[in-house]
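Working notes for the structure below.
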Amino acid sequence: MLAPLFHLSQSDVHLLIKLHIPLGDLGNSELLVEDGILYFTAPPYYLRLELPGDVLETDDHIQFKLENSDLFVTLTKAEPGQIFKDLDLLSKFIIKPTKTDPSAMKGGIKMLDASVEKEPEEHKYEWFNGLKTSEDEESSFIQLGSYSYGFANSKQGLFTSKEELSLPIDLPDPDHCPPNRRRSLQLNSVRDHFSPEHYIADFCEPEASAAALSAVVPWMCQQKRETDEHPEGALRPPLTDEHRHRLIVLADHRLPLLPPVNSSSADELDRTYLYLGLLDLLLAFTHDFCAREGDENTESAWVIVKLASTLSWLEVRSVSFLKQARLRTVLSLSSCPLQFFFNIASLN
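Residue numbers (the UniProt record's numbering): 1 to 348.
Following this line, the structure appears as structure tokens:
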């Protein structure tokens, strides 16, 4: 079953849900609101949504309207005037389907013929293959000898079990490199790969980078336009269907939880590291967007990985201030071969 694209909005009295179902079989469709959960099915679409607030669940307070390939569902709020929060965080409200054991779905008992004798299998010795360790042994080895990294510093042992993941990573032996060494290794790499002659183009052909210097990322362009139209306060950039699709797909991935806002100082420090890591990714994306002047590029993913130390060097706890995060990005720019205009770094 497919999860349809959907959009949540609200007024003072109603919660509006827009479902995009171009292939839906409306003859076999069903929609039910019960205990704060919306159930919708119209093969091949299926959606189970936790509503962001209390609504009236009786049929006379639910309205439907079909336009083209979109189904509009209007629900009445239980308390008029109540503001539902985070309506743009679509993955927050999707309820993931529970996975069942395939073996549990097979019922019945199979009767075997007692007269059938099973022939003994000949054991084959694999003399030329290495010894195979069990999953328990491998996982215990990973837990004892590796360090944490990744989102919220929650990953461990990924590169030991899947060596191909380390191909875009510059950090050598990522699973066994302690966090306090990652920063020094990156600085040594920048020092070894930095070439002053690489940036002569900035002085010889300044017009070559003029378009990149004047490029504006989409959300800044949208913010400027809305600020001009609404001087009292700019609105958030609207989500596109592509953004909504990515949020729906993201709901199927298991992500670690953030520390609570009012928590210990250690948890607050982890939250700071996490936000600075997200800033590192945004700076890398912004620089790549300006360098390619907004055009689609198949190498953008590789460039972003190389520019963001959070990805290429797995640096999670190396910076604790905004200035340090920006400096870290500039250092990565100075040794990245595809980003040959150093003055573009001033955009960050």
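Here a beta-carbon is modelled for each residue, glycine too, at the ideal position from N, C-alpha and C. From a predicted model like this one, the values you see are computed outputs, not experimental measurements.
| Query | Result |
| --- | --- |
| For GLU30, the residue or residues it bridges with in DSSP | THR41 |
| Neighbour-count burial assignment, ASP192, 16 or more Cβ in a 10 Å radius | exposed |
| Buried or exposed (CB count within 10 angstroms, at least 16 for buried), ARG182 | buried |
| Chain-order list of residues whose beta-carbon lies under 6 Å from that of GLY24 (same chain, five-residue window excluded) | ALA42 and TYR45 |
| Alpha-carbon to alpha-carbon, ALA211 and SER335 | 22 Å |
| As assigned by DSSP and simplified to three states, the class of TYR147 | coil |
| Residues that DSSP places opposite THR74 in a beta bridge | LEU16 and GLN63 |
| For PRO326, the nearest candidate out of LEU276, VAL305 and LYS306 (CA to CA) | Note on residue identity: the sequence assigns Arg, not Pro, to residue 326. Out of LEU276, VAL305 and LYS306, LEU276 has the C-alpha closest to the C-alpha of ARG326. |
| Pair within 9 Å by beta-carbon distance, ASP175 and TYR147 | yes |
| Contact the region 8-16 vs the region 63-77: 3+ CB pairs below 8 Å | yes |
| Check whether PRO168 and VAL330 have beta carbons under 9 Å apart | no |
| Helix, strand or coil at LYS92 according to DSSP, with G and I counted as helix | helix |
| The alpha helix (DSSP H) enclosing LEU187, as first and last residue numbers | 179-193 |
| Supposed close pair ALA3, ILE95 - CB separation, criterion 8 Å | So it is not a contact: roughly 11 Å between Cβ atoms. |
| Residue(s) in a DSSP beta bridge with PHE6 | LEU19 |
| Nearest neighbour of LEU31, chosen from GLU57, ASP288 and PRO52 [CA to CA] | GLU57 |
| C-alpha gap between THR310 and LEU278, whole angstroms | 8 Å |
| Residue burial classification, PRO172 (beta-carbon count within 10 angstroms, cutoff 16) | exposed |
| Three-state secondary structure assigned by DSSP to ARG48 | strand |
| Neighbour flag for VAL73 against chain C, beta carbons, 9 Å | Any reference to chain C falls outside this structure, which holds one protein chain only. |
| Cβ-Cβ distance between CYS177 and LEU185 below 9 Å | yes |
| Presumed contact (8 Å Cβ cut-off) between VAL217 and THR286, rounded CB distance | 5 Å |
| Enclosing alpha helix (DSSP H) for ALA251 [first to last residue] | Taken as a continuous stretch (DSSP letters only), ALA251 belongs to no alpha helix (DSSP H), as it is neither H nor E. |
| Pair within 9 Å by beta-carbon distance, LEU51 and ILE37 | yes |
| Helix, strand or coil at VAL303 [DSSP, three-state] | helix |
| VAL330, DSSP secondary structure in three states | helix |
| LYS323 - DSSP class collapsed to helix/strand/coil | helix |
| Closest residue to SER69 among ASP252, LEU5 and VAL249 (Cα-Cα distance) | LEU5 |
| Beta bridge counterpart(s) of VAL216 as assigned by DSSP | In DSSP, VAL216 forms no bridge with anything. |
| Limits of the unbroken alpha helix (DSSP H) element including LEU158 | 158-161 |
| Supposed contact pair SER91 and LEU250 - C-beta distance, whole angstroms, cut 8 Å | 5 Å |
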